[in-house]
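Start counting the sequence shown at 450; every next residue gets the next number (our numbering).
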Amino acid sequence: MQTSRRTVLSAGAVTGGALLVGSAAAPAPAEPRDRRATAAAQRLPADPFTLGVASGDPAPDGFVIWTRLAPSPTAADGLGGMPSSRYQVRFQVATTRRFRGRDVVKRGEVTAGPETAHAVHVELRGLEPGRPYYYRFAVGRWTSPVGRGRTAPRPGALASLTMAFTSCSNYPAGFFTAYRHLAEERPDLVLNLGDYQYEGAQGANALGRPHLGPETTTLAGYRQRHAQYKTDPDLQAAHAAAPWVVVWDDHELDNNWADDVSEKPAEQGAFAARRVAAFRAYYENMPLRRTSVPRGPDLQLYRRIQWGRTATFHMLDTRQYRDDQGCGDGFRTDCPAADDPARTLTGDAQEQWLIDGFRESTARWDLLGQQVFFGRRDSAQGAEETVSMDAWDGYAASRDRVVQGWQDARVRNPVVLTGDVHAHWASEVLRDPEDGDSAVLGSELVTSSITSGGDGYDQPDGEHPWADWNPNLRFWTNLRGYVSTTITPDSLTADFRCVPRVTTPDAGVFTRRRYVIEDQVRGLQLALDDPQPPASFSARSLPSDEQIIRDTIREETGY
């Protein structure tokens, strides 16, 4: 079985216009009643809202809004240049960006203190379902940027939505241009499937975007690293544009960690303390509900988000409860652990929670928001499989139980959403993964990285060399970007959005491939209006198949 393991406020809605800073149209929220807190706030010498604002986890009557006070955001102590005082932070939620009169539907105050690095989480309630709201914060004479949140539709509603999902944003590897393009699309919902930040040390680089500080192992280090990422204006824009639903992968803590096991045996003795620090900083810096307040080395992250009766998002945590990777991790041939039915990627409790969710679901679309490649990827043609021990291939029985679970429950439209591997992939879940004519049981959409891996490259035919002997693999490109979807009661359309390069700022964006999944029709269909890639890519020199395979394995096993 699996390896053994050992405050927030509630309020109503307040928000402001996406991508705007402050508001000249209306006065800032009224001063708090606590005079001592007011006096302290007025002494803040610089804007404390340098990390922007965010919203998350929408429900029919509200969502979470977040900010963190940090006038010197990347201070080495992780406290953002804030004094040890406590501050009353005001907030407003409105139906328009003007924040005037009856537009304002919620207002209130919340205390921010040094014990949480002056982070603020407000769970809004009492809002109308299925509509956007705008929110902002204020402290002393300072007013935050304005964010755009959205409530989920009422239960039972068959409401369409636009949803984008992302993964793997490594700050030194490139500019976060993809986040800016995502923000400009103004989706209803954004899923982040992990590797929101990277833990490694990195000094000066050619882009002028080095990580600050050493590898993150302490609470101060993780706080500083989160703050450095959130100073990026493109990431701030994406957070301000729509509510996010976040789950982690490995780099929020340490590369390829598994439950209470560090990747590096020499660091195992300090790993428990490192995990506590990483989890605490993650909660402080994400728009999460009180159900995810960490308790020492534990943080409840798997959860469901309902979008009326159109979609259920089953958000998984495939790191915190997994058995350690088999056979020393990496790609391995004939590893007995990979087929051991006692091993699990999700942990027993989360697996049962997921299967129970399949049984109870009445949604048109059941979407698994999770971290590592779900489908089969044999990296070496031949009689013996060579597969990744870090992905579901390394936990084959665990995957089989999940697939059987959605089959037994007769899930109407199962779709797996995946990050981690720094490339776009489209894949089918086949009854027999070696037989291209086998029944399709579900589909998998994999987003590329925002920056991890650098600029990347593209194949004109959109095929990976592994597709020759992995018939489930339908599409691949090694360019960076995100996946943008439109989900209606009748279909799911997925656009694989790409930026041509991340090592220069302000690159454009284009759709490399478009697929449609029709309601109750298993399998990916190439859209009739599938766009063609820009002509500039046809002239690029491409690596050999052998180099593509080496690059794929390298991206899978490290940074």
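From the three backbone atoms N, C-alpha and C, an ideal C-beta is built for every residue, glycine too. From a predicted model like this one, the values you see are computed outputs, not experimental measurements.
Note that the region 878-893 does not touch the region 599-606; fewer than 3 beta-carbon pairs, one per stretch, sit closer than 8 Å. Our two residues, Pro790 and Val948, have alpha carbons roughly 41 Å apart in a direct line. Assignment of beta-bridge partners to Trp591 by DSSP yields Val588.
The three-state secondary structure of Leu518, taken from DSSP, is coil. Ala655 sits exposed, since fewer than 16 C-beta atoms from the chains shown fall within 10 Å of its C-beta. By the beta-carbon neighbour count (other beta carbons within 10 angstroms, threshold 16), Glu883 is exposed. The Cβ neighbour count for Val553, taken over all protein chains shown within 10 Å, is at least 16; the residue is labelled buried. Annotation: the region 848-935 contains the following complete segments of the beta strand (DSSP E) (minimum length 3 residues), in chain order: 863-867, 873-879, 889-895, 922-926. In this structure, the alpha-carbon of Ser618 lies about 10 Å from that of Leu684. Cβ-Cβ distances below 8 Å link Pro520 to Leu493, Pro494, Ala495, Asp496, Pro497, Thr499, Gly529, Gly530, Met531 in the same chain, with the five nearest sequence neighbours on each side left out; the list follows chain order. Per DSSP, the unbroken beta strand (DSSP E) holding Glu558 starts and ends at 553-561. Setting aside the 5 residues that flank it on each side, Gly779 is surrounded in the same chain by Met838, Thr1006, each with a C-beta closer than 7 Å to its C-beta; the list follows chain order.
In this model, Asp747 and Thr611 are separated by some 32 Å (Cα to Cα). Three or more Cβ pairs closer than 8 Å define a contact, and the region 802-812 falls short of that threshold against the region 868-875. Here DSSP, grouped into helix, strand and coil, assigns Asp815 to strand. In the same chain as Gly972, and ignoring 5 residues on each side of it, the C-beta atoms closer than 8 Å to its own belong to Glu877, Val889, Ser892, Ile966, in chain order. Looking at the backbone, the Cα of Leu977 and that of Arg923 are separated by about 16 Å.
Using a Cβ distance threshold of 8 Å, Pro621 and Arg658 count as a contacting pair. Within the same chain, Cβ atoms closer than 7 Å to the Cβ of Leu817 are found at His763, Leu765, Val865, Leu866, the five residues on either side in sequence being excluded. Asn641 is bridged by DSSP to Thr615, Val695. Linking Asp773 to Ala707 through their CA atoms gives a straight-line distance of about 5 Å. In the three-state reduction of the DSSP assignment, Tyr751 falls in the coil class.
8 Å or more divides the Cβ of Ala503 from the Cβ of His675.
For Asp939, the secondary structure class from DSSP, reduced to helix, strand or coil, is coil.
Looking at the DSSP output, Tyr536 sits in a beta bridge with Ala561.
Check the Cα spacing between Pro663 and each of Gly527, Asp506, Trp841, Arg861: the tightest is with Gly527. In this structure, DSSP gives Glu664 a state outside helix and strand, which the three-state scheme calls coil.
For Gly596, the uninterrupted beta strand (DSSP E) run begins and ends at 596-599, by DSSP. With distances taken between CA atoms, Glu648 lies nearest to Asn704 out of Gly623, Pro602, Gly596, Asn704. For Ala798, the enclosing alpha helix (DSSP H) stretches over residues 797-809. Apart from the 5 residues on each side of it in sequence, Phe728 sits with its Cβ closer than 8 Å to the Cβ of Leu702, Pro743, Pro746, Asp747, Leu748 in its chain, given in chain order. Counting along the chain, His630 sits inside the alpha helix (DSSP H) bounded by residues 626-634. In the same chain as Val569, and ignoring 5 residues on each side of it, the C-beta atoms closer than 6 Å to its own belong to Thr516, Val538, Val559, Ala561, in chain order.
Bounds of the alpha helix (DSSP H) holding Tyr732 are 720-733. Just measuring C-alpha positions, the residue of Val851, Pro736, Ser711 sitting nearest Arg768 is Ser711. The C-beta separation of Arg946 from Thr934 comes to about 10 Å, leaving the pair out of contact by the 8 Å criterion.
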